[in-house]
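Colleague:
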Amino acid sequence: MWSDEGRKRKMVRLRQVMATTNARESRIVDDRDERSPAFFTRQLLVDFEPSCCESSYLIEEETFPFGFEFLSRVTFRDINFGESSLQAESFEVAGESRARAGFRICRSCGKVQRDPEKPNHALTCATRNQSNNDEDFLEVLYLFREFHSEAIRFLLPIDTLNSDDKLHSFIAALQLGLKSYFKGNVDHLKTLIIQEPSTDSSSLLRKPFLFLYDTVPGGTGYLRQLVQHPDNLFSLFQQALDVIRACNCQDGCYNCVYAYRNSFDQDRTSRKIARDLLNEILSRQSLLKPSPQSLSQTSFNALFDSVLEQRFIEAIRRHRHQDHPTVVRSEIINGKAGYYIQMGQQSWMIEPQVELGIEEGISVPSRADFIFYPVKNTSHVLPIVIFTDGWQYHANRLKTDFAQRMAIAKSGNYHVWSLTWSDVESQLNQTKKIDYYTNFLNEEANDTFHRTKNTLYKQYNCETFISFITANSFNWLMEFLTNPAQIPWEKFALVSTLAHIDVNFSKDKLKRQQWEKEVQSIMSPDVWSQFKNSLSTQLLLGLIEKLSTNQDALCKLYTAISPKEHRNNEAQSAFVILWINDKNAIEEEKKRVWNGLLRQFNLLQFLPYTYIITNQDFSEVNFNSLSVDRKNSSFELSNVDQEQWQELKSLLFEETALILFDYMQSHQWLLPEVGFELTNQMGTVIAEAEIAWTDRKIALVTDELDVEPLKNEPWQVFTIASVLEDTELFYQTYLT
1 MWSDEGRKRK
11 MVRLRQVMAT
21 TNARESRIVD
31 DRDERSPAFF
41 TRQLLVDFEP
51 SCCESSYLIE
61 EETFPFGFEF
71 LSRVTFRDIN
81 FGESSLQAES
91 FEVAGESRAR
101 AGFRICRSCG
111 KVQRDPEKPN
121 HALTCATRNQ
131 SNNDEDFLEV
141 LYLFREFHSE
151 AIRFLLPIDT
161 LNSDDKLHSF
171 IAALQLGLKS
181 YFKGNVDHLK
191 TLIIQEPSTD
201 SSSLLRKPFL
211 FLYDTVPGGT
221 GYLRQLVQHP
231 DNLFSLFQQA
241 LDVIRACNCQ
251 DGCYNCVYAY
261 RNSFDQDRTS
271 RKIARDLLNE
281 ILSRQSLLKP
291 SPQSLSQTSF
301 NALFDSVLEQ
311 RFIEAIRRHR
321 HQDHPTVVRS
331 EIINGKAGYY
341 IQMGQQSWMI
351 EPQVELGIEE
361 GISVPSRADF
371 IFYPVKNTSH
381 VLPIVIFTDG
391 WQYHANRLKT
401 DFAQRMAIAK
411 SGNYHVWSLT
421 WSDVESQLNQ
431 TKKIDYYTNF
441 LNEEANDTFH
451 RTKNTLYKQY
461 NCETFISFIT
471 ANSFNWLMEF
481 LTNPAQIPWE
491 KFALVSTLAH
501 IDVNFSKDKL
511 KRQQWEKEVQ
521 SIMSPDVWSQ
531 FKNSLSTQLL
541 LGLIEKLSTN
551 QDALCKLYTA
561 ISPKEHRNNE
571 AQSAFVILWI
581 NDKNAIEEEK
591 KRVWNGLLRQ
601 FNLLQFLPYT
611 YIITNQDFSE
621 VNFNSLSVDR
631 KNSSFELSNV
641 DQEQWQELKS
651 LLFEETALIL
661 FDYMQSHQWL
671 LPEVGFELTN
681 QMGTVIAEAE
691 IAWTDRKIAL
701 VTDELDVEPL
711 KNEPWQVFTI
721 ASVLEDTELF
731 YQTYLT
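Written as structure tokens, this is what we have:
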């Protein structure tokens with residue numbers, strides 16, 4: 001059904017196995033307490049023709065898609081990839097990456113060779129007494145056997161198939177229902193998860209399906225009977241649910257969902273989860289309809305265009321801020337299934353699959369995987385556009401991706417965050433390798449930065465970000481969602497540019513000229529001139545060039561700063577170009593750099609003169625239209641819609657609060673939040689602020705008694721009356 005020429009391997013159908021050994025070695029003795037069992041890497045794969053799909057049924061519901069289809073003839077291939085070995089070549093088969101050593105066998109007699117130094121041949125082998133030649137052996141060979149049978153393929157919500165607890169609980173309920181429905185032994189009916197390549201998704205990821213198959217070649221007719229009418233399968237589910245409901249156990253026992261055949265999965269099997277899943281399926285029975293197409297052609301989940309996006313939501317669900325869990329619940333956002341999340345004291349609404357373009361103030365149209373909207377609408381917390389990128393699809397469209405990300409970041413209306421498959425998997429699977437990206441803040445930083453970074457971070461008042469040097473994009477995003485204040489991240493971004501400044505390089509006139517020449521050749525000269533002419537001091541420059549194995553330029557980082565403005569924490573004082581060679585580069589090297597550059601842009605987007613480009617022609621990209629003057633952006637009060645002030649004012653009732661609020665509006669203070677609930681580290685509400693600036697941890701209360709409980713909290717709390725005594729002093733001290 002699917003082919004990948006690069007993954008072809010030598011295989012031999014296993015028809016007969018013979019063991020030959022001498023009499024002494026074949027004798028059974030029991031004089032050892034220890035045994036040395038051999039473990040083999042095996043994998044069961046399925047294949048079938050689309051014409052074998054006889055009937056398909058589907059519940060087309062956005063939040064809980066469910067379907068099943070009967071496959072009359074399925075080929076099952078049980079492949080033995082050899083003894084388990086960590087030193088063997090590792091490659092992916094049907095979505096599973098494992099080390100697969102294979103077998104080394106004699107070409108003449110077919111005997112397996114266990115020791116390369118001691119060849120082993122059958123007595124009748126033609127090469128038995130000959131010298132050891134490599135051409136006499138097949139080095140890596142895989143064995144397989146196959147049979148044909150019937151199967152039912154299930155489509156389940158993606159979070160069920162990707163959750164061990166939900167998956168094994170559903171399988172246990174299914175097996176319980178089979179035993180009850182057929183009133184006998186059904187051990188010949190087994191289950192299998194298969195990752196099918198997705199042909200209808202731009203991510204080119206895989207769709208997981210659950211197969212219920214008959215191990216008897218040709219099938220016994222049990223499965224065909226189940227799908228003769230769709231009510232039969234629902235009757236099976238109902239019988240399983242009746243047993244589960246009637247059981248008095250706490251969360252699973254051998255009278256309900258536990259079975260000896262699934263003993264290894266009992267820790268991940270729950271009676272309560274199985275009950276909830278069956279209830280969800282049975283409650284939608286009236287929505288089941290025959291499907292004219294196979295489940296392979298059905299949109300996998302209307303809520304997610306790819307498995308990566310769903311894994312991203314699951315990764316957020318598992319994240320803990322200061323050991324407190326993240327609140328995640330389903331919501332309808334702008335008429336679509338989305339999510340509400342709460343992290344610390346910050347809440348967000350998540351809308352999936354959003355079109356962005358000119359109407360949103362973005363010059364390069366794109367389709368965001370998610371947009372995070374702050375629940376409390378304030379001018380200083382922007383929505384965050386999220387892209388979840390799989391390398392397979394995005395490897396050939398880096399230019400388009402980069403132009404879209406720049407347009408969003410420089411619109412002044414959104415932040416943008418790019419996450420890759422490895423970023424998300426690092427949260428879900430802590431054993432995944434962590435060196436999948438080039439860390440430009442660490443491995444490419446200059447010696448001076450390494451020696452003085454603690455001092456530098458302290459000087460820029462962002463020492464809490466030192467630990468973020470080694471954090472990935474996902475962890476950065478979680479921190480930003482918890483505290484979406486832009487100013488600390490601007491400081492973090494400014495400090496990071498110092499890692500790539502070279503003072504000696506800056507003093508070399510010829511190198512400076514060459515640097516400027518290259519910059520103006522790869523992007524609009526006007527942008528560079530605009531940056532340079534807006535600053536008052538001599539610029540310091542830096543160039544990081546990373547070479548590939550074949551000595552071609554893999555990526556370059558062009559950095560320029562104005563020292564005076566830089567020390568004053570001005571975001572406009574730094575200029576950065578992130579450049580990648582997306583042609584003629586070794587795949588794995590380019591992928592690692594790509595991960596690193598996306599991470600770098602996630603940070604440097606807080607500086608207005610940051611650009612990410614490839615070696616392709618960017619002449620049609622208008623960099624001037626991408627640029628935004630942050631001093632006149634929506635962060636400034638003068639551009640905030642006056643309706644927002646009136647809306648917030650309607651939430652105030654105290655006379656002193658109204659007086660101060662009118663003063664704030666007339667003097668164009670930063671737009672605050674009204675009625676903000678302050679919580680302690682346990683998440684308990686300890687006070688309510690009439691007025692608050694959450695990014696600066698400043699709160700105003702009406703009663704002096706509300707100040708005392710907050711003295712030990714990381715907030716600066718004032719009474720409104722004390723602020724009214726000298727409003728200008730308060731503004732200059734805390735809000736400028």
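If you read the sequence shown in this note's numbering, its first letter stands for residue 1, the second for the next number, and so on.
Just so it is clear, CB atoms sit at the ideal spot from N, CA and C, and this is done for glycine as well.
For residue 80, which residues does DSSP report across the bridge?
Modeller: The residue labelled residue 80 in the question sits at position 80 within the sequence shown. Beta-bridge pairing links residue 80 to 42 and 143.
Colleague: Look at the alpha carbon of residue 504 and the alpha carbon of residue 595, and state the distance between them as a whole number of angstroms.
Modeller: Here residue 504 is taken as the residue at index 504 of the sequence shown, counted from 1. Here residue 595 is taken as the residue at index 595 of the sequence shown, counted from 1. Rounded to whole angstroms, residue 504 to residue 595 spans 30 Å at the Cα level.
Colleague: Can you pull the DSSP bridge partners for residue 16?
Modeller: Taking the sequence shown and counting its residues from 1, one reaches residue 16 at position 16. Its beta-bridge partners do not exist; DSSP assigns none.
Colleague: Does the beta-carbon of residue 246 have 16 or more other beta-carbons within 10 angstroms, so that it is buried, or is it exposed?
Modeller: Position 246 of the sequence shown, counting from 1, holds the residue named residue 246. Flag for residue 246 reads exposed.
Colleague: Is residue 678 near residue 689, with beta carbons less than 9 Å apart?
Modeller: Your numbering for residue 678 matches position 678 in the sequence shown. Your numbering for residue 689 matches position 689 in the sequence shown. Cβ atoms of residue 678 and residue 689: closer than 9 Å.
Colleague: Can you say whether residue 686 is buried or exposed, counting buried as having 16 or more other CB atoms within 10 angstroms of its CB?
Modeller: The sequence position of residue 686 within the sequence shown is 686, counting from 1. Its Cβ having fewer than 16 others within 10 Å, residue 686 is exposed.
Colleague: Could you tell me which residues DSSP puts in a beta bridge with residue 191?
Modeller: As a first step, residue 191 must be located in the sequence shown, where it is residue number 191. Paired residues: 212.
Colleague: Could you check if residue 567 is buried or exposed, using at least 16 other CB atoms within 10 Å of its CB as the buried criterion?
Modeller: Here the question's residue 567 lines up with position 567 in the sequence shown. The residue in question, residue 567, is exposed, as its Cβ has fewer than 16 Cβ neighbours within 10 Å.
Colleague: With distances taken between CB atoms, is the gap from residue 150 to residue 73 smaller than 9 Å?
Modeller: Your numbering for residue 150 matches position 150 in the sequence shown. Your numbering for residue 73 matches position 73 in the sequence shown. Against a cut-off of 9 Å, the Cβ pair of residue 73 and residue 150 comes out as a contact.
Colleague: Should the stretch 66–86 be called in touch with the stretch 142–149, which here means at least 3 C-beta pairs below 8 Å?
Modeller: Contact holds: three or more Cβ-Cβ distances are below 8 Å.
Colleague: Output the residue ranges of the beta strand (DSSP E) runs that lie fully inside the stretch 679–705 and measure 3 residues or longer, sorted by chain position.
Modeller: The qualifying runs are 685–693 and 698–701.
Colleague: If we ignore side chains and look at the alpha-carbon of each, how far apart do residue 448 and residue 524 end up?
Modeller: Locating residue 448 in the sequence shown gives position 448, where the first residue counts as 1. Locating residue 524 in the sequence shown gives position 524, where the first residue counts as 1. Near 32 Å, if we compare the C-alpha coordinates of residue 524 and residue 448.
Colleague: Output the distance between the C-alpha atoms of residue 494 and residue 441, rounded to the nearest integer angstrom.
Modeller: For the purposes of this step, residue 494 is taken as the residue at position 494 of the sequence shown. For the purposes of this step, residue 441 is taken as the residue at position 441 of the sequence shown. Their Cα atoms are separated by approximately 12 Å.
Colleague: Any chance the stretch 596–605 sits against the stretch 400–419, with 3 or more Cβ pairs inside 8 Å?
Modeller: A contact exists between the stretch 596–605 and the stretch 400–419.
Colleague: Would you kindly work out how many angstroms separate the C-alpha atoms of residue 515 and residue 612, rounded to a whole number?
Modeller: As a working mapping, residue 515 is identified with position 515 in the sequence shown. As a working mapping, residue 612 is identified with position 612 in the sequence shown. Approximately 17 Å, taken between the alpha carbons.
Colleague: As an exercise, report each continuous alpha helix (DSSP H) stretch of at least 4 residues that is fully enclosed by the stretch 361–416, in chain order.
Modeller: Those alpha helix (DSSP H) runs which fall completely within the stretch 361–416 and span 4+ residues are 391–394 and 398–409.
Colleague: With a CB to CB cut of under 6 Å and the five nearest residues on each side skipped, what residues in its chain are close to residue 645?
Modeller: Taking the first residue of the sequence shown as 1, we reach residue 645 at position 645. 665, listed in sequence order.
Colleague: Ordered along the chain, which non-local residues of its own chain (more than five positions away) have a Cβ less than 7 Å from that of residue 256?
Modeller: Here residue 256 is taken as the residue at index 256 of the sequence shown, counted from 1. Closer than 7 Å at the Cβ level, and outside the excluded window around residue 256, lie 176, 243, 244, 247, 249 and 271.
Colleague: Where does residue 543 sit, in a helix, a strand or coil, going by DSSP?
Modeller: On the sequence shown, position 543 is the one that residue 543 refers to. The answer is strand: DSSP assigns residue 543 an E or B state.
Colleague: Looking at chain B, is there any beta carbon in it that lies within less than 9 Å of the beta carbon of residue 77?
Modeller: Here chain B cannot be found, since the structure has a single protein chain.
Colleague: Hey, could you find the ends of the alpha helix (DSSP H) residue 809 is sitting in?
Modeller: The question about residue 809 has no answer here: the residues shown for the chain are numbered 1 through 736.
Colleague: Would you say the stretch 370–388 touches the stretch 351–359, given that touching needs at least three Cβ pairs under 8 Å?
Modeller: Touching, yes, given that three or more Cβ pairs across the two stretches are closer than 8 Å.
Colleague: With burial defined as no fewer than 16 other Cβ atoms inside 10 Å of the residue's Cβ, what is the status of residue 121: buried or exposed?
Modeller: On the sequence shown, residue 121 is found 121 positions in, with the first residue counted as 1. By the neighbour-count rule (16 or more Cβ atoms within 10 Å), residue 121 is buried.
Colleague: Taking all protein chains shown into account, decide if residue 227 is buried (16 or more other Cβ within 10 angstroms of its Cβ) or exposed.
Modeller: Within the sequence shown, the letter at position 227 stands for residue 227. Buried, since its Cβ has 16 or more Cβ neighbours within 10 Å.
Colleague: Could you say which of 581, 668, 604 and 578 lies nearest to residue 571 if we only look at CA atoms?
Modeller: Counting from 1 along the sequence shown, the entry for residue 571 is found at position 571. Taking only the C-alpha atoms, the option nearest residue 571 is 604.
Colleague: To the nearest angstrom, how far is the alpha carbon of residue 477 from that of residue 410?
Modeller: Your numbering for residue 477 matches position 477 in the sequence shown. Your numbering for residue 410 matches position 410 in the sequence shown. So the two alpha carbons sit approximately 18 Å from each other.
Colleague: What does DSSP give as the partner residue(s) for residue 552 in the beta ladder?
Modeller: Indexing the sequence shown from 1 puts residue 552 at position 552. Its beta-bridge partners do not exist; DSSP assigns none.
Colleague: Just how far apart, CA to CA, sit residue 458 and residue 418?
Modeller: For the purposes of this step, residue 458 is taken as the residue at position 458 of the sequence shown. For the purposes of this step, residue 418 is taken as the residue at position 418 of the sequence shown. Answer to the nearest angstrom: the Cα atoms are 28 Å apart.
Colleague: Can you list, in chain order, the residues of its chain whose CB lies under 7 Å from that of residue 274, leaving out five sequence neighbours each side?
Modeller: On the sequence shown, residue 274 is found 274 positions in, with the first residue counted as 1. 169, 170, 172, 173, 244 and 257.
Colleague: Drop a sphere of 10 angstroms on the beta-carbon of residue 380, count the other beta-carbons inside from all chains shown, and report buried for 16 or more, exposed for fewer.
Modeller: Taking the first residue of the sequence shown as position 1, residue 380 is located at position 380. It is buried - the Cβ of residue 380 has at least 16 other Cβ atoms within 10 Å.
Colleague: Here's the rule I'm using: 16 or more other beta-carbon atoms within 10 Å means buried, otherwise exposed. How should residue 673 be labelled?
Modeller: What you label residue 673 is simply residue 673 of the sequence shown in a count that begins at 1. So residue 673 counts as buried.
Colleague: The beta strand (DSSP E) that contains residue 611, what's its start and end?
Modeller: Locating residue 611 in the sequence shown gives position 611, where the first residue counts as 1. Element bounds for residue 611: 610–614.
Colleague: Count the other CB atoms within 10 Å of the CB of residue 327; is the residue buried (16 or more) or exposed (fewer)?
Modeller: Along the sequence shown, one-based indexing puts residue 327 at 327. Its Cβ having fewer than 16 others within 10 Å, residue 327 is exposed.
Colleague: Please name the residue in 211, 536, 573 and 361 whose C-alpha comes closest to that of residue 415.
Modeller: Within the sequence shown, numbered from 1, the residue matching residue 415 stands at position 415. Ranking 211, 536, 573 and 361 by Cα distance to residue 415 puts 361 first.
Colleague: For residue 341, count neighbouring Cβ atoms within 10 angstroms of its own Cβ and tell me buried if that reaches 16, exposed if not.
Modeller: Your numbering for residue 341 matches position 341 in the sequence shown. Counting Cβ neighbours within 10 Å, residue 341 comes out buried, since at least 16 surround it.
Colleague: Determine, using beta-carbon pairs with one atom in the stretch 57–67 and one in the stretch 97–108, whether at least three such pairs fall under 8 Å.
Modeller: Result no; under three Cβ-Cβ pairs closer than 8 Å.
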